[in-house]
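Visitor: Below are the structure tokens for one structure; questions will follow.
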Amino acid sequence: MEIAGVPLPRGSMVTPLIASANLDESAFPRADTLDITRSPNRHLSFGLGSHFCLGAPLARLEARIALPALLRRFERLELAVPVEQLSWRPHVALRGVRALPLTVTPTTDAALRSAGT
Ligand code: HEM
């Protein structure tokens, strides 16, 4: 068979990349934009079907706790280097930076106290 013009001989091994599916413009308008309010959001980050990630509820809970805690602690987070200087780990499926240098502005104790945290 052939997929997108690439011939696949019988018996070939094919590894679909989930990250590329999540950037499919026909499924996600402005797919390249990080939009945490996107709805509907039928992403494949935790897989699909019988092998759907067993840890997904834990991972979601951790994000729901950690991200607000980070944003409460620092009123401003900025990249400390130009984006072109970020170094990406070479990996066929999992994309991520080796390090994410940030300049942070801590929230003042008074602001934390008035937010009750
Ligand atoms: C953001 C964090 C995570 C992401 C993006 C993620 C992603 C995935 C994906 C895509 C799969 C499906 C692989 C496949 O189809 O073969 C998977 C499976 C799995 N994940 Fe996660 N995962 C995360 C966190 C976790 C955590 C925290 C745990 C355990 C505490 C976990 C345990 C598992 C297990 C056991 C499977 C295999 C399920 C099966 O094959 O039936 N994952 N994960």
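In terms of the numbering used here, the sequence shown is residues 574 to 690. For glycine and all other residues, C-beta sits at the position ideal for the given N, C-alpha and C.
Does the ligand HEM have a heavy atom nearer than 8 Å to the CB of Gly669?
Guide: No - the ligand HEM has no heavy atom lying nearer than 8 Å to the Cβ of Gly669.
Visitor: Using the DSSP secondary-structure output, state which residues sit across from Phe518 in a beta bridge.
Guide: This structure gives no information on residue 518, because the portion of the chain shown stretches from 574 to 690.
Visitor: Note down the Cα distance separating Thr676 from Ala653, rounded to an integer number of angstroms.
Guide: For Thr676 and Ala653, the distance between alpha carbons rounds to 5 Å.
Visitor: What are the uninterrupted segments assigned as alpha helix (DSSP H) that are 4 or more residues long and contained completely in the segment 581 to 655, given in chain order?
Guide: List check, alpha helix (DSSP H) in window: 591 to 594, 629 to 646.
Visitor: Taking the straight line between their C-alpha atoms, what separation do you get for Pro641 and Glu648?
Guide: When rounded, the distance between both Cα atoms is 11 Å.
Visitor: As a quick exercise: from Val579, Thr681, Arg671, His616, pick the residue whose alpha carbon is nearest that of Leu644.
Guide: With distances taken between Cα atoms, Leu644 lies closest to Thr681.
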